[in-house]
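Asks: Protein chains in written order, with the working numbering: chain A, 1 to 267; chain B, 268 to 861; chain C, 862 to 1086.
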Amino acid sequence: MAKFLAVTIIVIAIASAIPILRHTWVAPEDISTHGYLIDEQMSETMAEAGIAFLAAQFILALFIWQFSNPRPDAKIKSFPGGAKALVIAALLLVGAEVLALGVFGVKAWANVYLTAPSADAMPIQVQAGQFAFYFRYPGPDGKFGPLHPELINEGSQNFFGLDTANDADSKDDIVTAEMAIPVNKEIHLLMHAKDVGHSFFVRELRVQQDFVPGLDVSLHFTATKAGRYEIVCTQLCGLGHYNMKAYLSVLSQDDFNDWLKKQAALQ
Amino acid sequence: MHDMSAHSVQHHAPPTSFIRKHVFSLDHKVIGKQYYALALVAALSGMLLSWFMRIHLGWTNAAIPGLQLLSKTGAPGGVITPEFYLQLMTMHGTIMVFFVLTTAPFAAFGNFFLPIQVGAEDMPFPRFNMMSFWVTFAAFLVLMSSFILGDGPTLGGWTQYAPLNSVGSVAGPGQGLGVVLWMISIALFCVGQLLGALNFITTTLDLRVKGMSMMRLPLTAWAWFITSCMGLTAFAVLMPACILVILDHVAGTSFFVPSYSVINDQLQPHSGGSTLLWQHLFWFFGHPEVYIAIVPGIGIVSHVLITNMRKPMLSQRVLIYCMGALAVLSYMVYGHHMFVSGMNPVSALAFSFPTLVITIPATIVVLIWTFSLYGSKLRINSASLFALGFISMFVSGGVSGFFLAQPSIDIMLHATYFVVGHFHMVMGVAAMFGIFSATYFWFPKMTGRMMNESLGRVHFWLSFVGAYCIFMPFHYLGMAGNIRRYSSFPDDFLQPLLPVHKWITVAALVTGAAQLIFVYNLIHSRFWGKPAPDNPWEATSLEWSTATPPPFDNFGGKHPVVYHDPCQYGVQSSVGDYVMQTSPEQVKTEHDEK
Amino acid sequence: MATTVHEPPKIDPRRLPDQGHSGNGGWRNLVPADGDRRVTQEYSPPPSSTAIWVVVFAVTMMFAAFSSALIVRKGSSLDWRTFPLPSVLYFNTFLLLASSITLEVSRRHVATFMGGRKSQVKSPARWLYVTLFLGLLFVAGQYAAWTQLRAEGLYLATNPSSSFFYVLTATHALHVLGGLGGLIYVIRKLSKSALLRSQLVATARYWHFMGILWLYLLLLLWTKL
Chain A
1 MAKFLAVTII
11 VIAIASAIPI
21 LRHTWVAPED
31 ISTHGYLIDE
41 QMSETMAEAG
51 IAFLAAQFIL
61 ALFIWQFSNP
71 RPDAKIKSFP
81 GGAKALVIAA
91 LLLVGAEVLA
101 LGVFGVKAWA
111 NVYLTAPSAD
121 AMPIQVQAGQ
131 FAFYFRYPGP
141 DGKFGPLHPE
151 LINEGSQNFF
161 GLDTANDADS
171 KDDIVTAEMA
181 IPVNKEIHLL
191 MHAKDVGHSF
201 FVRELRVQQD
211 FVPGLDVSLH
221 FTATKAGRYE
231 IVCTQLCGLG
241 HYNMKAYLSV
251 LSQDDFNDWL
261 KKQAALQ
Chain B
268 MHDMSAHSVQ
278 HHAPPTSFIR
288 KHVFSLDHKV
298 IGKQYYALAL
308 VAALSGMLLS
318 WFMRIHLGWT
328 NAAIPGLQLL
338 SKTGAPGGVI
348 TPEFYLQLMT
358 MHGTIMVFFV
368 LTTAPFAAFG
378 NFFLPIQVGA
388 EDMPFPRFNM
398 MSFWVTFAAF
408 LVLMSSFILG
418 DGPTLGGWTQ
428 YAPLNSVGSV
438 AGPGQGLGVV
448 LWMISIALFC
458 VGQLLGALNF
468 ITTTLDLRVK
478 GMSMMRLPLT
488 AWAWFITSCM
498 GLTAFAVLMP
508 ACILVILDHV
518 AGTSFFVPSY
528 SVINDQLQPH
538 SGGSTLLWQH
548 LFWFFGHPEV
558 YIAIVPGIGI
568 VSHVLITNMR
578 KPMLSQRVLI
588 YCMGALAVLS
598 YMVYGHHMFV
608 SGMNPVSALA
618 FSFPTLVITI
628 PATIVVLIWT
638 FSLYGSKLRI
648 NSASLFALGF
658 ISMFVSGGVS
668 GFFLAQPSID
678 IMLHATYFVV
688 GHFHMVMGVA
698 AMFGIFSATY
708 FWFPKMTGRM
718 MNESLGRVHF
728 WLSFVGAYCI
738 FMPFHYLGMA
748 GNIRRYSSFP
758 DDFLQPLLPV
768 HKWITVAALV
778 TGAAQLIFVY
788 NLIHSRFWGK
798 PAPDNPWEAT
808 SLEWSTATPP
818 PFDNFGGKHP
828 VVYHDPCQYG
838 VQSSVGDYVM
848 QTSPEQVKTE
858 HDEK
Chain C
862 MATTVHEPPK
872 IDPRRLPDQG
882 HSGNGGWRNL
892 VPADGDRRVT
902 QEYSPPPSST
912 AIWVVVFAVT
922 MMFAAFSSAL
932 IVRKGSSLDW
942 RTFPLPSVLY
952 FNTFLLLASS
962 ITLEVSRRHV
972 ATFMGGRKSQ
982 VKSPARWLYV
992 TLFLGLLFVA
1002 GQYAAWTQLR
1012 AEGLYLATNP
1022 SSSFFYVLTA
1032 THALHVLGGL
1042 GGLIYVIRKL
1052 SKSALLRSQL
1062 VATARYWHFM
1072 GILWLYLLLL
1082 LWTKL
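This is the structure we're talking about:
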């Protein structure tokens, strides 16, 4: 039975590794300017974690195989070096890994979160509410009009609570249910939560950020490839959480201008 | 005159009535068994809920006959609605984390065995101990009552994030009364566990018998002691947080709900609250909580393996220091649940480093276990199989933690099935294996009968292979971007993943059914198992030196004296290849703690 | 018959004969024994002594959680309205601190009484009753403080600052009531001559902790509210 267990452990370990090695289920292609650092971090971690995983399972299996069901006269032995050797090995190996990943990971993180958006980044506001995303573009005046939460009315499609009658800056704001951005242009995404917690996740863009009710947070990123991608909510927000999504279209500058004009006409 | 027995347990006479013996008992052994029974009921309930969840995730429109009985509106025709899915999920997580993983390895086995392992007659405060169980039981009842009261249980997940947890029923079914009941239940649970921790700590520090120095305590005793210290800090923080949420619901305060919240076109009457505050308070509790769930298992696996390897671990002390290190570090890492929460991104880096560092003591523990197997005389039985399985599972679960510890990688893995796979591996499987191992190991001592060994092995094989079949694919789903807490998967990119979900569902149902073998074994052996000798495993610690099952005062009026540490295996003594802690026999040995 | 006044025999618990009862592992064995120490000590602290530190620690953590909630909540929004603390609070503080003093006085009396010289102390529980009374007055005084606040229109939900005022003072008052329960327990045990020194010590420690905690809360409220 022990030998069977040893074999099973090895089989399971190898079987678990196969889909990783064959890239059966992987993240989609990266279309962002910062994502390569994240992907590199992921590959490095996978290599190190994978080796550690396989080695640990293999050694466990080996020792189970070797030392179970011993002969009655077998002598007890101690692994040479004892605990001291293992502690030193763990401190050195794991410590080095930890340091390396930690230090190199800082850059990947800082790129996304600790840098300011450039001055000519295009601002877009996204509002998350049960259970949809809505987007607002500032229009030709480049300014967002103020929000009046008490004016929010889904029925009349005033999703943001804009007072276009009295606020000059709101008059040219463009509100859409889909997000479109020009390719290769930095976007400054202003995130506003209408009710409870939500989150903004686009896998291809390598961005994920929670909306914080009561606090306006922001993200900045640049998309490098045109296409149609899904924005999904990843913070449990109620019964419609599973269905809360929007489409992100990355368009050429000309296509984007056309799109924006069409959207403006629909306001 | 001064009472000479000022620092011994207040002797209480053995109870005679049924109520005093089996219901409102002051005896730590009975309390331990009561906790175990509670954990068993909770585990089966939680497992049933997971079956409903998995069936729905595999086949969204599947009708489960009879499910309408569990909810007035949640399962019309037995088909689970999105809100009911979330309610099931919330209850599954809450029941499992609190009423199984904190209760069984810590409260159940700890209550039964800690006093015996230190040589005491009982815990120093038996009435608080009894209260601790009944308060926990009441907490369970309050939690389960949310199924039948109001519009059902809360749907906000076991993490109950604000402001969803505080705005009330306008945010969804179960978010009014359901949340309040959840908060009351958990606050009660915290009180119960604090009372338990009080007893565990004082037992370990003050009731050790002559010769039982701290370093001579078995690793299970250390694990329970360290876990109690963690519980003391963690539960004392969660309770006030729950109270503040209750106030937001019933008293109109705004601790967690910010201004300008608009739900269903209505401006909510709260203002100024901090949503992140809840996350900080919750995770300050929540991260130590998961170590509370695993550290007793680490103690149990060590204890079971030492006995079954017939040799001590390479270093008992290093294992103790590692458990302590895990406990201390567990308070510094909680922000890794909040990397993308909107908290200061610099804090993310500050939390990431200790999270990576905590890998080190965990690795040392695994290395010591594994390399202690070298040169051992490993005995294979149900208890040792689950202990070995624990090592494998702990490695698998721990390795995925390595990814999540890095904020940049967490951008892609946060809130995906990768996280769900990680914590199910370490908590849902490894910690459960610890409970199983402890059960097979200690059942003879607790009941006087042996469990059926063949059924135990079948249980192991189905659980071991089954658990990998269920939870390994979670990691792949997560890497492909499968979001968690979705009741179904309408997104385009999730369609290719649906077959994986079907596979997981089948594996879950089969593995779950295998657990019924364990339940059958428990019940059958309790009444008809082979009578057990006092020391069936030829083990050294104090619980094996007393009768099976132990008498009312644990040692039959005698007070044991301890001469050795619990690791005297692989020696030559008059009884075999081991020396019991209570045996005055001196033998040639490599190391014996003083 | 005149009795000479002398100290009651001091029984050094370290010298208690080994009765083989449990509890001889001793907390000192947290430190591994070296060659010079005996492996085990004969003395271990009574469990109630350790227990009360455990309780103090848990209660401290709870108020630490409330304190951090207060600080975060104050900084998260601009709606924090400060108000002067009700004046009765300062009087209550005096009451609570006085009760600590009376408790210490009562400990001396009880020690004398339980030390075998019952004739010296006619009413050993008197100062315990005084402490109890002061404690009850304190709780009543806290209630008066709430009444004062309500008269000014400051209720639980009026403002986050008032919310925390009520939550902190009410939670503290609840724990003081628990301490009063402990005092009643001690009085009852004393009346049956069944009081253990460790029980009185534990109760006293808890009571003094309530005073220290109150001073902290007062400072917190005074600076933040």
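Glycine included, C-beta positions come from ideal geometry on N, C-alpha and C.
What residue range does the beta strand (DSSP E) around Ala246(A) cover?
Replies: Within the first sequence, numbered from 1, the residue matching residue 246(A) stands at position 246. Residues 245-251.
Asks: For the structure I just gave you, are there three or more beta carbon pairs, one from the region 529-539 of chain B and one from the region 590-599 of chain B, closer than 8 Å?
Replies: Not touching, per the Cβ criterion.
Asks: What ranges does the alpha helix (DSSP H) occupy inside the region 325-404 of chain B, keeping only unbroken runs of at least 4 residues that lie completely in it?
Replies: Complete alpha helix (DSSP H) runs here, min 4: 349-361, 376-385.
Asks: Who are the Cβ neighbours of Ser32(A) in its own chain at under 6 Å, not counting the five residues just before and after it?
Replies: For the purposes of this step, residue 32(A) is taken as the residue at position 32 of the first sequence. Leu205, Arg206, Phe221.
Asks: List the residues of chain C that Phe392(B) touches, going by C-beta distances under 9 Å, in chain order.
Replies: For the purposes of this step, residue 392(B) is taken as the residue at position 125 of the second sequence. Going along chain C in sequence order, the residues near Phe392(B) (Cβ under 9 Å) are Pro908, Ser909, Ala912.
Asks: Compare the Cα-Cα distances from Leu505(B) to each of Val446(B), Leu534(B), His547(B), Gly539(B) and report the closest residue.
Replies: Start at 1 with the first residue of the second sequence, and residue 505(B) comes out as number 238. Minimum Cα distance to Leu505(B) is reached at His547(B).
Asks: Can you list, in chain order, the residues of its chain whose CB lies under 7 Å from that of Lys339(B), leaving out five sequence neighbours each side?
Replies: Walking along the second sequence from the start, residue 339(B) turns up at place 72. Nothing listed; no residue qualifies.
Asks: Evaluate Ala682(B) with the Cβ neighbour count: other Cβ atoms within 10 Å of its Cβ, from every protein chain shown; 16 or more gives buried, anything less gives exposed.
Replies: Here residue 682(B) refers to the residue found at position 415 of the second sequence. Per the 10 Å Cβ criterion, buried.
Asks: Looking at the unbroken alpha helix (DSSP H) that takes in Ala13(A), where does it start and where does it end?
Replies: The residue labelled residue 13(A) in the question sits at position 13 within the first sequence. First-last of the alpha helix (DSSP H) with Ala13(A): 2-21.
Asks: Using the beta-carbon of each residue, which ones in chain B are nearer than 9 Å to Val916(C)?
Replies: Taking the third sequence and counting its residues from 1, one reaches residue 916(C) at position 55. Ordered by position in chain B, the residues that pass the 9 Å Cβ test against Val916(C) are Leu461, Leu465.
Asks: From Leu99(A) to Leu461(B), what does the alpha carbon distance come to, in whole angstroms?
Replies: Counting from 1 along the first sequence, the entry for residue 99(A) is found at position 99. Counting from 1 along the second sequence, the entry for residue 461(B) is found at position 194. Looking at the two C-alpha atoms, the distance is approximately 37 Å.
Asks: Round the Cβ separation of Leu316(B) and Leu368(B) to the nearest angstrom and send it over; I've been treating them as touching at under 8 Å.
Replies: Here residue 316(B) is taken as the residue at index 49 of the second sequence, counted from 1. Here residue 368(B) is taken as the residue at index 101 of the second sequence, counted from 1. No, Leu316(B) and Leu368(B) are not in contact; Cβ-Cβ is about 15 Å, not under 8 Å.
Asks: One question on the structure: do Ala193(A) and Ala128(A) come within less than 8 Å of each other, judged by their Cβ atoms?
Replies: Along the first sequence, one-based indexing puts residue 193(A) at 193. Along the first sequence, one-based indexing puts residue 128(A) at 128. Result yes, Cβ atoms of Ala193(A) and Ala128(A) sit closer than 8 Å.
Asks: Look at Val364(B) and Trp318(B) and say whether their C-beta atoms are less than 8 Å apart.
Replies: Taking the second sequence and counting its residues from 1, the one referred to as residue 364(B) is at position 97. Taking the second sequence and counting its residues from 1, the one referred to as residue 318(B) is at position 51. No, Cβ-Cβ distance for Val364(B) and Trp318(B) is not below 8 Å.
Asks: Using a threshold of 8 Å, state whether the C-beta atoms of Val232(A) and Asp758(B) are closer than that.
Replies: The residue you call residue 232(A) lines up with position 232 of the first sequence. The residue you call residue 758(B) lines up with position 491 of the second sequence. Going by C-beta atoms, Val232(A) is nearer than 8 Å to Asp758(B).
Asks: Mapping DSSP to helix, strand and coil, what is Ser883(C)?
Replies: The sequence position of residue 883(C) within the third sequence is 22, counting from 1. Any reading at Ser883(C) must be qualified, since the residue scores a pLDDT of 44, below 50, and its modelled position is unreliable; the value itself is stated next. Coil, per DSSP.
Asks: For Ala126(A), go through chain B and note every residue whose CB falls closer than 7 Å to its CB, in chain order.
Replies: Numbered from 1 along the first sequence, position 126 holds the residue referred to as residue 126(A). Correcting the residue type first, residue 126(A) is Val in the shown sequence and not Ala. By Cβ distance, chain B contributes nothing, its closest Cβ being about 14 Å from Val126(A), past 7 Å.
Asks: Check whether the Cβ atoms of Val991(C) and Thr954(C) sit closer than 8 Å, and answer yes or no.
Replies: For the purposes of this step, residue 991(C) is taken as residue 130 along the third sequence, with counting starting at 1. For the purposes of this step, residue 954(C) is taken as residue 93 along the third sequence, with counting starting at 1. No, Cβ-Cβ distance for Val991(C) and Thr954(C) is not below 8 Å.
Asks: Can you list, in chain order, the residues of its chain with a C-beta nearer than 6 Å to that of Ala108(A)? Leave out the 5 residues immediately preceding and following it.
Replies: Translated into the one-based positions of the first sequence, residue 108(A) becomes position 108. Closer than 6 Å at Cβ, skipping near neighbours: Leu37, Ile38, Gln41.
Asks: Using the DSSP secondary-structure output, state which residues sit across from Pro798(B) in a beta bridge.
Replies: For the purposes of this step, residue 798(B) is taken as the residue at position 531 of the second sequence. Paired residues: Arg716(B).
Asks: Per DSSP, which one or two residues make a beta bridge with Asp859(B)?
Replies: What you label residue 859(B) is simply residue 592 of the second sequence in a count that begins at 1. Bridge partners of Asp859(B): none, in fact.
Asks: Considering Gln1009(C), what are the terminal residues of the alpha helix (DSSP H) in which it resides?
Replies: Position 148 of the third sequence, counting from 1, holds the residue named residue 1009(C). Unbroken alpha helix (DSSP H) run through Gln1009(C): 987-1012.
Asks: Cβ closer than 8 Å: which chain C residues qualify as neighbours of Ser538(B)?
Replies: Within the second sequence, the letter at position 271 stands for residue 538(B). Per Cβ cutoff of 8 Å: Ser938, Asp940.
Asks: Per the contact definition of three or more C-beta pairs closer than 8 Å, is the region 1041-1061 of chain C in contact with the region 1022-1030 of chain C?
Replies: No, the region 1022-1030 of chain C is not in contact with the region 1041-1061 of chain C.
Asks: With Leu190(A) as the anchor, note down where its beta strand (DSSP E) starts and where it stops.
Replies: Looking up residue 190(A) in the first sequence gives position 190. Element bounds for Leu190(A): 186-193.
Asks: Report yes if the CB atom of Phe670(B) is closer than 8 Å to the CB atom of Leu680(B), and no otherwise.
Replies: Residue 670(B) sits at position 403 when you count from the first residue of the second sequence. Residue 680(B) sits at position 413 when you count from the first residue of the second sequence. Against a cut-off of 8 Å, the Cβ pair of Leu680(B) and Phe670(B) comes out as a contact.
Asks: Output the distance between the C-alpha atoms of Ser1022(C) and Gly996(C), rounded to the nearest integer angstrom.
Replies: Within the third sequence, numbered from 1, the residue matching residue 1022(C) stands at position 161. Within the third sequence, numbered from 1, the residue matching residue 996(C) stands at position 135. Going by the C-alpha atoms only, they are around 26 Å apart.
Asks: Under 6 Å Cβ to Cβ from Pro282(B), same chain only, skipping five residues before and after it: list those, please.
Replies: Position 15 of the second sequence, counted from the first residue, corresponds to residue 282(B). Taken in chain order, the residues that qualify are Lys288.
Asks: Looking only at its chain, what residues have a beta carbon closer than 6 Å to the beta carbon of Val512(B), apart from the 5 residues adjacent to it on each side?
Replies: Against the second sequence, residue 512(B) aligns to sequence position 245. Correct list, in chain order: Asn432, Ser433, Met450.
Asks: Given that a residue counts as buried once 16 or more other Cβ atoms are within 10 Å of its Cβ, and exposed if not, what is Thr1008(C)?
Replies: In the third sequence, counting from the first residue as 1, residue 1008(C) sits at position 147. When all chains shown are included, Thr1008(C) counts as exposed.
Asks: Just how far apart, CA to CA, sit Ala429(B) and Thr348(B)?
Replies: Your numbering for residue 429(B) matches position 162 in the second sequence. Your numbering for residue 348(B) matches position 81 in the second sequence. The straight-line gap from Cα to Cα measures roughly 23 Å.
Asks: If you follow the beta strand (DSSP E) that Gln839(B) is part of, which residue opens it and which one closes it?
Replies: Indexing the second sequence from 1 puts residue 839(B) at position 572. It is not in any beta strand (DSSP E) - Gln839(B) carries neither H nor E in the DSSP assignment.
Asks: Roughly how many whole angstroms lie between the Cα atoms of Val250(A) and Ala180(A)?
Replies: Position 250 of the first sequence, counted from the start, is the residue given in the question as residue 250(A). Position 180 of the first sequence, counted from the start, is the residue given in the question as residue 180(A). If you take the alpha carbons of Val250(A) and Ala180(A), they lie about 6 Å apart.
Asks: For the beta strand (DSSP E) that Glu965(C) lies in, which residues bound it at each end?
Replies: Counting from one through the third sequence, the residue named residue 965(C) turns up at place 104. No beta strand (DSSP E) holds Glu965(C); the alpha helix (DSSP H) holding it covers 949-975.
Asks: Between Phe872(B) and chain C, is any beta-carbon pair separated by less than 8 Å?
Replies: Since the first and last residues shown for chain B are 268 and 861, residue 872(B) lies out of range.
Asks: Please tell me whether Ser704(B) and Val568(B) are closer than 8 Å, where the distance is taken between their beta carbons.
Replies: To locate residue 704(B), count along the second sequence from 1; it is residue 437. To locate residue 568(B), count along the second sequence from 1; it is residue 301. Yes, the pair counts as a contact, with Cβ atoms nearer than the cut-off.
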